[in-house]
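> For the sequence shown, our numbering gives the first residue as 2, with consecutive numbering after it.
Below are the structure tokens for one structure; questions will follow.
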Amino acid sequence: MIAIASDVALNDSIDGSIASHPAPVRPAIVYLARHATPDWNRKDIRYDVAPGPDLIPQGEQEAEKLGEFLRSAGVTRILASPLVRTRRTAEIAAEVAGIPVVIEDAVREYSREENDDIVFARCLPALEAAAALASQEGPVAIVTHGGPIRVMLERFGADADLLWHYRRQFDHQNPLPPAAAWELVRQGNGQPWRMRLAFAPTAFVEHPSVIQYV
Numbered sequence: 002m003i004a005i006a007s008d009v010a011l012n013d014s015i016d017g018s019i020a021s022h023p024a025p026v027r028p029a030i031v032y033l034a035r036h037a038t039p040d041w042n043r044k045d046i047r048y049d050v051a052p053g054p055d056l057i058p059q060g061e062q063e064a065e066k067l068g069e070f071l072r073s074a075g076v077t078r079i080l081a082s083p084l085v086r087t088r089r090t091a092e093i094a095a096e097v098a099g100i101p102v103v104i105e106d107a108v109r110e111y112s113r114e115e116n117d118d119i120v121f122a123r124c125l126p127a128l129e130a131a132a133a134l135a136s137q138e139g140p141v142a143i144v145t146h147g148g149p150i151r152v153m154l155e156r157f158g159a160d161a162d163l164l165w166h167y168r169r170q171f172d173h174q175n176p177l178p179p180a181a182a183w184e185l186v187r188q189g190n191g192q193p194w195r196m197r198l199a200f201a202p203t204a205f206v207e208h209p210s211v212i213q214y215v
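This is how it looks when you write it as structure tokens:
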């Protein structure tokens, strides 16, 4: 099931869930997942604004693997950027995992007109809403793009050496490959996030500090 949500609708939905469960009963676990491999050869459209390129067959297979991981992690729903490559990744992964998808414009691609401050400011409310829901109902995944994921990891205090260890490995210096996911865990509001690269559909060289506390 796919739904289109404004920030107000998303927050209202989450507020309703929290009202029926007044106290958090678990840590907030949020997965920041990057879209699967799109058609990088498209030169006739922009990659940073909708619709952007669709997935290639390799990307569809990667999205299925992401769905298997999200299912094993107990993810309860997916929030997804509205661009085609993120929507398709989320749709395929959600079908495998048997969970709903909500389209969330705030986690769209980093556009050429933006900077890190702007991207973080628009992404943060969606991530906090996802964290609030995760603390009540179980893990939530956000299927977004490498740029916004990098910004959020940096602003949440991820070690620079940790990020560069991964950025040197992956395309376009992203902190994760296509269809991979970082796991963010927080014990409560105001507490720091624990962050680790939890999944990738292909092999990668893990950082010595498997979980980075910040």
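Even glycine gets a Cβ: it sits at the ideal position worked out from N, Cα and C.
Considering V102, what are the terminal residues of the beta strand (DSSP E) in which it resides?
To locate residue 102, count along the sequence shown from 1; it is residue 101. Taken as a continuous stretch (DSSP letters only), the beta strand (DSSP E) holding V102 covers 102-105.
> Which value, in whole angstroms, describes the spacing of the CA atoms of E65 and A94?
Here the question's residue 65 lines up with position 64 in the sequence shown. Here the question's residue 94 lines up with position 93 in the sequence shown. In a straight line, the C-alpha of E65 is about 5 angstroms away from that of A94.
> Return helix, strand or coil for A159, following the three-state DSSP convention.
Locating residue 159 in the sequence shown gives position 158, where the first residue counts as 1. Looking at A159 - three-state DSSP - the assignment turns out to be coil, as it is neither helix nor strand.
> Assign R113 to one of three DSSP states: helix, strand, or coil.
Within the sequence shown, residue 113 is the residue found at index 112, counting from 1. R113: coil per DSSP, three-state reduction.
> Note the first and the last residue of the continuous alpha helix (DSSP H) segment covering R72.
Here residue 72 is taken as the residue at index 71 of the sequence shown, counted from 1. Here the alpha helix (DSSP H) through R72 covers 58-73.
> If we ignore side chains and look at the alpha-carbon of each, how far apart do A37 and N175 end up?
The count along the sequence shown starts at 1 and reaches residue 37 at position 36. The count along the sequence shown starts at 1 and reaches residue 175 at position 174. One C-alpha to the other measures close to 13 angstroms.
> Here's the rule I'm using: 16 or more other beta-carbon atoms within 10 Å means buried, otherwise exposed. How should E110 be labelled?
The count along the sequence shown starts at 1 and reaches residue 110 at position 109. Buried: at least 16 other Cβ atoms inside 10 Å.
> Just verifying my parser: in three-state terms, what is the DSSP assignment at V85?
Translated into the one-based positions of the sequence shown, residue 85 becomes position 84. Correct three-state label for V85: helix.
> Curious, which full-length alpha helix (DSSP H) runs of at least 4 residues does the segment 131-213 contain?
147-156, 161-168
> At a cut of 8 angstroms, does the segment 49-57 reach the segment 152-170 through at least three beta carbon pairs?
no
> Would you list the one or two residues that DSSP bridges to I79?
Numbered from 1 along the sequence shown, position 78 holds the residue referred to as residue 79. Per DSSP, V102, A142.
> Can you tell which of V186, H146, E63, Y167 has its C-alpha closest to the C-alpha of A34?
Along the sequence shown, one-based indexing puts residue 34 at 33. Selected option, being the one with the closest Cα: H146.
> So, for G139: in the same chain, excluding its five sequence neighbours on each side, which residues have a beta-carbon less than 6 angstroms away from its beta-carbon?
One-based indexing of the sequence shown puts residue 139 at position 138. Counting only Cβ-Cβ distances below 6 angstroms, and skipping sequence neighbours, we find G75, T77.
> Check this for me: beta carbons of P52 and V85, under 8 angstroms apart or not?
By 1-based counting over the sequence shown, the position of residue 52 is 51. By 1-based counting over the sequence shown, the position of residue 85 is 84. It is a contact, given that the beta carbons lie within the stated cut-off.
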